[in-house]
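With the first letter of the sequence shown counted as 1, position 64 gets the number 937 in the working numbering; the numbers rise by one all the way through.
The beta-carbon is built from N, C-alpha and C at its ideal position, and this holds for glycine as well.
None of these values were measured; they are calculated from a predicted model.
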Amino acid sequence: MKARTRTLIAAPALTLAAMFAVAGPAAAADTTQGDLKPVPLNGVDGSGSAMVWVDGTTLKVEFQATGLLADSPHAAHIHYGSDAKNQCPVAADDADGDGHITTSEGIPSYGTVQVSLTTSGDTSPDSALAVDRFDTAAGGDITYERGEIEVSQALADDISSGEAAVVVHGVDYNDNGTYDGDEMSDLDPSLPAEATDPALCGIMNVSQMADMPAGGVQTGSGSTAGVENIGLLAAGGAAALAGGALLIRRRTLRTDS
Ligand SMILES: [Cu+2]
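Next up, the structure:
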């Protein structure tokens, strides 16, 4: 009889845990992915791949790229435009016919900067050219991972739709191993065009792989992620009703958009 009593007491706790597991952030994540390919005309012999997980209004982004100008900062962004083609540029997008695709010439294809894929600090479009906070591609390679990137609900929905682009910038037209040249950037006239013209681009299509990577939306680089998860679980029971209301509100917003 004691065992049965215990089971009855334990049951509500299990139910709450199960509710949280279903309504929790990890289960709600949308996964998008795409291959990074050279932007035509820009002389890049590189490649890569990227994944973007959307969990409510929080993003986790991973990308790998090779064949970039080594040891030079490479601005990287998520681009999107509601009135863009949401494709990567083609050679015909060289509007001024100078033989290169500038960042601006790519905007009708991939849209404007929505998220700056910096290694630290701000990730808004304000940091689009924060050259001291982008990966410098040691040996020409970048392995990027960052979680807990907060965006608006509208942008989260746009990315979840599978039409956003990951664009990595920075090329070397004259093949001399550094950003230079007489042609200046269309984004910042104090920088060479080589420093900002797009190198690699990929559209982040909706993925069949539904799972978040190990560590979820946490950066996963230390043991604190586990501690935060324990805190989340502890708060989960009390917050279950509030969380449910939030999910309903999100769905409403999504329907309206
Ligand atoms: Cu960009």
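Residue nearest to residue i in terms of C-alpha spacing, selected from the options
{"i": "proline 1006", "options": "Lys958, Arg1019 and Gly979", "result": "Checking the displayed sequence, the identity of residue 1006 turns out to be arginine instead of proline. The option with the nearest alpha carbon to arginine 1006 is Arg1019."}
{"i": "serine 1063", "options": "Val1004, Ala943 and Ile1022", "result": "Val1004"}
{"i": "glycine 1035", "options": "Thr991, Lys958, Val917 and Pro911", "result": "Lys958"}
{"i": "leucine 1073", "options": "Ser1000, Phe936, Val925 and Gly929", "result": "Phe936"}
{"i": "asparagine 915", "options": "Asp1014, Thr1016, Ser977 and Ala964", "result": "Ala964"}
{"i": "aspartate 1061", "options": "Asp1014, Val1039 and Leu1002", "result": "Leu1002"}
{"i": "aspartate 956", "options": "Ala938, Thr985 and Asp1030", "result": "Thr985"}
{"i": "glycine 907", "options": "Ala1038, Ile980, Asp1059 and Met1057", "result": "Ala1038"}
Beta-carbon spacing of residue i, residue j below 8 Å
{"i": "isoleucine 951", "j": "isoleucine 1032", "result": "yes"}
{"i": "valine 912", "j": "proline 962", "result": "yes"}
{"i": "proline 1071", "j": "glycine 1054", "result": "no"}
{"i": "threonine 917", "j": "glycine 954", "result": "Residue identity differs from the one stated: residue 917 is valine in this sequence, not threonine. Taking 8 Å as the Cβ cut-off, valine 917 and glycine 954 do not qualify as a contacting pair."}
{"i": "alanine 938", "j": "valine 1041", "result": "yes"}
{"i": "tyrosine 1046", "j": "alanine 949", "result": "no"}
Collapsed DSSP secondary structure at residue i in the structure displayed
{"i": "aspartate 1070", "result": "coil"}
{"i": "serine 989", "result": "strand"}
{"i": "methionine 976", "result": "Note that residue 976 is threonine in the sequence shown, not methionine. In the structure shown, threonine 976 sits in a helix (DSSP, three-state: H, G or I)."}
{"i": "asparagine 1078", "result": "strand"}
{"i": "serine 997", "result": "coil"}
{"i": "valine 1044", "result": "coil"}
{"i": "valine 1004", "result": "helix"}
{"i": "glycine 1013", "result": "helix"}
{"i": "serine 1058", "result": "coil"}
{"i": "alanine 902", "result": "coil"}
Supposed close pair residue i, residue j - CB separation, criterion 8 Å
{"i": "glutamate 1023", "j": "threonine 931", "result": "6 Å"}
{"i": "glycine 1043", "j": "alanine 1068", "result": "6 Å"}
{"i": "alanine 943", "j": "alanine 1010", "result": "6 Å"}
{"i": "aspartate 966", "j": "histidine 973", "result": "The pair is not a contact, with the Cβ atoms about 10 Å apart (cut-off 8 Å)."}
{"i": "serine 982", "j": "threonine 991", "result": "About 23 Å separates the two Cβ atoms, so there is no contact after all."}
{"i": "serine 997", "j": "serine 989", "result": "6 Å"}
{"i": "glycine 929", "j": "alanine 1027", "result": "Contact flag wrong, Cβ pair sits at about 13 Å."}
Identified DSSP bridge partners for residue i
{"i": "glutamate 827", "result": "In the structure as shown, the chain begins at 874 and stops at 1130. Residue 827 is therefore absent and cannot be evaluated."}
{"i": "lysine 958", "result": "Paired residues: none, contrary to the question."}
{"i": "tyrosine 983", "result": "For tyrosine 983, which the question treats as bridged, DSSP gives no partner whatsoever."}
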